[in-house]
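Numbering-wise, full-length UniProt numbering puts 36 at position 36 of the sequence shown, and it's gapless, one number per residue.
See below for the structure under consideration.
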Amino acid sequence: MSDENIAEDSAELGEKIVKILKTIYDPEIPVDIYELGLIYDVLVNEDNEVKILMTLTSPNCPVAESLPAEVEEKVKSLDAIKDAEVEITFDPPWTQDLMSEEAKLELGLL
Numbered sequence: 001m002s003d004e005n006i007a008e009d010s011a012e013l014g015e016k017i018v019k020i021l022k023t024i025y026d027p028e029i030p031v032d033i034y035e036l037g038l039i040y041d042v043l044v045n046e047d048n049e050v051k052i053l054m055t056l057t058s059p060n061c062p063v064a065e066s067l068p069a070e071v072e073e074k075v076k077s078l079d080a081i082k083d084a085e086v087e088i089t090f091d092p093p094w095t096q097d098l099m100s101e102e103a104k105l106e107l108g109l110l
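Below, the structure is given as C-alpha cells:
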C-alpha cells in the first residue's frame, strides 16, 4: 500500500470517527461534544488504535465517568478500529470560545 493510500484511508477513518463523535451529546447542553469543542485531539496509529484527548465542560461534570466510556465504546464500534482510549484533560480548561460557530448559534450565543 502506498503512502498516498494510507493517508487517504486515515483521512477517511478520521471522518468516520468525527461522525461518531457528533452523535454523542453532553446531557446538559443540546450540542454534540465535537461541536462543543470538547475533543482536543484524535490520534490514529498504523494499527488503527485510536487515542482521543478530550475535556469536559467542568471537572464536576455529572457525566465525568460515563461520557469518556461512551466515546470509547462508540469509536471502538467502527469496524476499522482495533482499540480506542480516551484521555481526559483540563489543560487547557474548556471555555465557550472552543465551541464551533454552529454550536454558538444553536445555543443563542451569536
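Glycine is no exception: its CB is placed at the ideal position from the N, C-alpha and C atoms.
With contacts defined by Cβ atoms closer than 8 Å, LEU53 and TRP94 do not form a contacting pair. Under the three-pair Cβ rule at 8 Å, the segment 41-51 counts as touching the segment 76-96.
Judged by beta-carbon spacing, GLU28 lies beyond the 8 Å limit of ALA103, meaning their Cβ atoms are not closer than that value.
Following the DSSP letters along the chain, one finds VAL75 inside the alpha helix (DSSP H) bounded by residues 66-76. When beta bridges are read from the DSSP output, TYR25 appears opposite ASP32. At the C-beta level, ILE33 and TYR40 stay beyond 8 Å of one another. Between VAL71 and LEU21, the alpha-carbon positions lie close to 7 Å from each other. The beta carbon of LEU110 lies closer than 8 Å to those of GLU101 and LYS104 in the same chain, with the five residues before and after it left out. Rounded to the nearest whole angstrom, the C-alpha separation of ASP9 and GLU15 is 10 Å. For ALA103, the enclosing alpha helix (DSSP H) covers residues 101-106. As the crow flies, the alpha-carbon of ILE88 is around 8 Å from that of PRO68.
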